[in-house]
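Notes for the one structure printed next.
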Amino acid sequence: MDDDTLDGNAIGGLLAEVFGADMTMAVSTCASCGAVSVVAELAVYRPRLGTVVRCRSCDSVLMVFVSLHGTTCTDLMGLASLS
Amino acid sequence: MSPVSRGFHRKREAAPADRVPPGQYVTRDFPVLSAGPTPHTPLSAWTFSISGGREPKSWTWEEFRALPTETLTRDIHCVTRWSKLDTTWQGVSLDVLLAAVEYESRYALAFSDGGYTTNLPVADLLGGKAWVAFNYEGAPLGAEHGGPARLLVPHLYFWKSAKWVRGLRLRDTDEPGFWENYGYHIYGDPWREQRYAGD
Amino acid sequence: MAGTAVRGRLTWQIATVARVTRETASTVTLLLEVPGWPGHRAGQHVDIRLTSDDGYQAERAYSIASAPGEPLTITVERLDDGEVSPYLTEEARPGDQLEVRGPIGGYFVWEAETGGPLLLAAGGSGVVPLRAIVRERSLAGSSVPVRLLYSSRSWEDVIYSSELDSPPDGVEVIHTLTRSQPPSWHGYARRVDRQMLAEVAWPSADRPLAYVCGPTNFVEAVAAGLVGLGYPAGRVKTERFGATGQ
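Protein chains in written order, with numbering that gives the first Met the number 0: chain A, 0 to 82; chain B, 0 to 198; chain C, 0 to 245.
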């Protein structure tokens, strides 16, 4: 976590666009370490190539969003669950 | 159709057109774009290794810094459309590093602390086109920009210049790294505007 | 002709700047008119999108400064190396158009039923959503006790200073000025630390709720400090603004 690391609040709009609802209160489980967190508290990196959401406990990648030619690609493979 | 916001412009510097690949704008900034937390590997634990050749080869920081170095000035181009001209680096050429390994592979996967990866043809690492850079503008490369050392491959989009690089895995097939997996171009030539897969 | 589009919170809507109010040398409040604005909750934010005449677009998130029922306003801090904030704080004029998406967020929100006592901790422009919460508390007629701990570089950087100088009953505002202080300043004059939190924060036995907002390193330090004082992590809500470069 660095000074410019964000949290899930910052991508509330992106998540609402992808999932069709507010997701900041959704509960995520990390597939790597099992840590449970509300999405609003996850570590978010936005290097402009895409948005990378990581587990605060183990830094594993939970979600990646990339916008290509106007479409958002979503990868949720780092999550054991999202509810 | 989005309305135009009167008076809103992207900051851009003037630059000769032949220095600016299509779709790029020139900046004096050096944005920090990271997909994860900045690693802080102590130099005592740092190694650069090349695997996938006849035998694995690895350098400690001291061994790496004892290799011949070059100072070079190049333009860099990020797929997010900014270009920065005349950036100066000091590093060890991949020609030097790969000369220490016997291999037949045509492709490499560069890997970094924190798990980042990017793929390149070995041919794009040879012939004075790539370095493991440890100084930027005459000073040790800052951690936020990939220090202690990053891969530097200026002729390709800058996501291929992996920050915090720790080595190469030589392979027989060109397998996508981190961003390539998500749809960024497998090669990434800024002059052919190869930003995304299929471009 | 296309059917009537349902104006949902997920779509971009055109906003017109109705009023620009300078708050400090580096912050400006914009009042935005959005036809069909659905209303918002205290603590939520909007995404703002600007489009230049060559088609380039830039998007940023800004916290809503007004309470539910009040007109939509955002307060923007100018970041020196920013791309959007210099435009919003120095160029935008009434009549200009931009796009807004929102309101966004269901986590960093407060309404009267949420209860308290509330410990609101603001670092710099992190005060914006917390000010919306304080305004909502008044509008809802809530008497939940509130302490707002507000860290700024100097008195000139304090946003909403006259509003915060006469807070409503039950709201205490505690400033800390970290870089420079006016002559005869008797308040805190350093970055928020554990000692300050121990003096200011509600005791954990009161079962307080904390909302911490501002630069990432501020939020991390304060949240850790509150947990260290016995606040359950689940009762410390955080919103990180990243590095503000100051």
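Backbone N, C-alpha and C define an ideal beta-carbon position, used for all residues, glycine too.
Just so we're clear, the structure is a prediction, and the values are computed from it rather than from any experiment.
List, in chain order, every chain C residue whose beta-carbon is nearer than 8 Å to that of residue 10(B).
Locating residue 10(B) in the second sequence gives position 11, where the first residue counts as 1. Near residue 10(B) (Cβ distances below 8 Å), the residues of chain C are 82.
Starting from residue 78(A), find everything on chain C with Cβ-Cβ shorter than 7 Å and list it in chain order.
As a working note, residue 78(A) is residue 79 in the first sequence. In chain order: nothing, as chain C lies at least about 18 Å away.
Around the Cβ of residue 66(C), are there at least 16 other Cβ atoms within 10 angstroms (buried) or fewer (exposed)?
Reading the third sequence from its first residue, position 67 is the one you call residue 66(C). The residue in question, residue 66(C), is buried, as its Cβ has 16 or more Cβ neighbours within 10 Å.
Would residue 15(A) and residue 24(A) qualify as a contact pair, given that the criterion is a beta-carbon distance under 8 Å?
In the first sequence, the residue the question calls residue 15(A) occupies position 16. In the first sequence, the residue the question calls residue 24(A) occupies position 25. Cβ distance not < 8 Å, so residue 15(A) and residue 24(A) don't count as in contact.
Nearest to residue 72(A) by alpha carbon, out of 60(A), 49(A), 58(A)?
As a working note, residue 72(A) is residue 73 in the first sequence. Residue 49(A) is the option with its Cα nearest to residue 72(A).
Is there a Cβ of chain B sitting closer than 8 Å to that of residue 17(C), yes or no?
Residue numbering aside, residue 17(C) sits at position 18 when the third sequence is read from its first letter. So, not an interface residue.
Cβ of residue 46(C) less than 8 Å from any chain A Cβ?
Your numbering for residue 46(C) matches position 47 in the third sequence. Closer than 8 Å to some Cβ of chain A, the Cβ of residue 46(C) qualifies, so yes.
Determine the closest residue to residue 136(B) out of 0(B), 65(B), 73(B), with distance taken between C-alpha atoms.
Taking the first residue of the second sequence as position 1, residue 136(B) is located at position 137. Selected option, being the one with the closest Cα: 73(B).
Given this structure, state the Cα-to-Cα distance separating residue 118(B) from residue 108(C), to the nearest angstrom.
Locating residue 118(B) in the second sequence gives position 119, where the first residue counts as 1. Locating residue 108(C) in the third sequence gives position 109, where the first residue counts as 1. Going by the C-alpha atoms only, they are around 43 Å apart.
Which residues in chain C sit within 9 Å of residue 33(A), going by Cβ to Cβ distance?
On the first sequence, residue 33(A) is found 34 positions in, with the first residue counted as 1. Within chain C, no residue comes near residue 33(A); the closest Cβ sits about 17 Å away, beyond 9 Å.
Near residue 51(A), what residues of its chain come up, given a Cβ to Cβ distance below 7 Å and the 5 sequence neighbours on each side ignored?
Within the first sequence, numbered from 1, the residue matching residue 51(A) stands at position 52. Cβ within range, chain order: 44, 60, 63.
In angstroms, rounded to a whole number, what distance separates the CA positions of residue 107(B) and residue 94(B)?
On the second sequence, residue 107(B) is found 108 positions in, with the first residue counted as 1. On the second sequence, residue 94(B) is found 95 positions in, with the first residue counted as 1. One C-alpha to the other measures close to 14 Å.
I'd like to know if residue 112(B) contacts chain C, where contact means its C-beta is closer than 8 Å to some C-beta of that chain.
Locating residue 112(B) in the second sequence gives position 113, where the first residue counts as 1. No, its Cβ sits nowhere closer than 8 Å to a Cβ of chain C.
On the CB-based measure, 16 or more other CB atoms within 10 Å of its CB, does residue 121(B) come out buried or exposed?
To locate residue 121(B), count along the second sequence from 1; it is residue 122. Per the 10 Å Cβ criterion, buried.
Using the beta-carbon of each residue, which ones in chain B are nearer than 8 Å to residue 55(A)?
In the first sequence, the residue the question calls residue 55(A) occupies position 56. Per Cβ cutoff of 8 Å: no residues; residue 55(A) is ~10 Å from chain B at best.
From 154(B), 181(B), 105(B), pick the residue whose C-alpha is nearest to that of residue 172(B); which is it?
For this step, residue 172(B) is matched to residue 173 along the second sequence. Cα-wise, what sits closest to residue 172(B) is 105(B).
What's the gap between the Cα of residue 3(A) and the Cα of residue 213(C)?
Taking the first residue of the first sequence as position 1, residue 3(A) is located at position 4. Taking the first residue of the third sequence as position 1, residue 213(C) is located at position 214. Rounded to whole angstroms, residue 3(A) to residue 213(C) spans 11 Å at the Cα level.
Checking contacts by CB at 8 Å: is residue 34(B) closer than that to chain A?
The residue you call residue 34(B) lines up with position 35 of the second sequence. Yes, residue 34(B) counts as interfacial toward chain A.
Grab the span of the beta strand (DSSP E) containing residue 10(C) for me, first residue to last.
Within the third sequence, residue 10(C) is the residue found at index 11, counting from 1. Per DSSP, residue 10(C) belongs to no beta strand (DSSP E) and is neither H nor E.
Counting only Cβ pairs nearer than 7 Å, list the residues of chain C close to residue 67(A).
Here residue 67(A) refers to the residue found at position 68 when the first sequence is read from its first residue. Result: empty, since nearest Cβ-Cβ is about 15 Å, beyond 7 Å.
Taking just the CA atoms, how far does residue 129(C) sit from residue 50(C)?
Looking up residue 50(C) in the third sequence gives position 51. Looking up residue 129(C) in the third sequence gives position 130. Going by the C-alpha atoms only, they are around 29 Å apart.
Could you check where the beta strand (DSSP E) with residue 71(A) kicks off and where it finishes?
Within the first sequence, numbered from 1, the residue matching residue 71(A) stands at position 72. Looking at the DSSP string, the run of the beta strand (DSSP E) that includes residue 71(A) is 70-74.
Does any C-beta atom of chain B lie closer than 8 Å to the C-beta of residue 205(C)?
The residue you call residue 205(C) lines up with position 206 of the third sequence. No, residue 205(C) does not count as interfacial toward chain B.
Applying the 10 Å Cβ sphere with the 16-neighbour rule, what's the burial state of residue 10(C)?
By one-based count along the third sequence, residue 10(C) stands at place 11. Classification for residue 10(C): exposed.
May I have the straight-line CA-CA distance separating residue 182(B) from residue 206(C), to the nearest angstrom?
To locate residue 182(B), count along the second sequence from 1; it is residue 183. To locate residue 206(C), count along the third sequence from 1; it is residue 207. Cα to Cα, residue 182(B) sits roughly 48 Å from residue 206(C).
Answer yes or no: does any C-beta atom of chain C fall closer than 8 Å to that of residue 37(A)?
Numbered from its first residue, the first sequence carries residue 37(A) at position 38. Yes, residue 37(A) counts as interfacial toward chain C.
Are the C-beta of residue 238(C) and some C-beta of chain A separated by less than 8 Å?
Your numbering for residue 238(C) matches position 239 in the third sequence. It does; some Cβ of chain A falls within 8 Å.
Where residue 193(C) and residue 36(A) are concerned, what is the direct C-alpha to C-alpha distance, given to the nearest angstrom?
Within the third sequence, residue 193(C) is the residue found at index 194, counting from 1. Within the first sequence, residue 36(A) is the residue found at index 37, counting from 1. If you take the alpha carbons of residue 193(C) and residue 36(A), they lie about 25 Å apart.
Under 6 Å Cβ to Cβ from residue 50(B), same chain only, skipping five residues before and after it: list those, please.
The count along the second sequence starts at 1 and reaches residue 50(B) at position 51. If we look at residue 50(B) and ignore the five residues flanking it on each side, its Cβ neighbours are 168.
Give a yes or no on whether 8 Å exceeds the smallest Cβ distance from residue 43(C) to chain B.
Here residue 43(C) refers to the residue found at position 44 when the third sequence is read from its first residue. So no, residue 43(C) is outside the interface.
My parser needs the beta strand (DSSP E) runs of 3 or more residues fully inside the region 99-126 of chain C; what are they?
Whole beta strand (DSSP E) segments, 3+ residues: 117-122.
Comparing C-alpha positions only, which one of 222(C), 181(C), 229(C), 217(C) sits nearest to residue 203(C)?
Numbered from its first residue, the third sequence carries residue 203(C) at position 204. Among 222(C), 181(C), 229(C), 217(C), the Cα nearest to that of residue 203(C) is on 229(C).
Along the region 147-168 of chain B, where does the CB come closer than 9 Å to a CB of chain A? Name the residues.
Hits within the stretch, in order: 158.
Taking the beta carbon of residue 141(B) as the centre, do at least 16 other beta carbons fall within 10 Å, making it buried, or is it exposed?
Along the second sequence, read from residue 1 onward, the residue named residue 141(B) stands at position 142. By the neighbour-count rule (16 or more Cβ atoms within 10 Å), residue 141(B) is not buried but exposed.
Taking all protein chains shown into account, do 16 or more other C-beta atoms lie within 10 angstroms of the C-beta of residue 168(C), making it buried, or fewer, making it exposed?
Residue mapping note: residue 168(C) aligns to position 169 of the third sequence, counting from 1. Residue 168(C) should be labelled exposed.
How many Å lie between residue 77(A) and residue 131(B) at the Cα?
To locate residue 77(A), count along the first sequence from 1; it is residue 78. To locate residue 131(B), count along the second sequence from 1; it is residue 132. Roughly 30 Å between the two C-alpha positions.
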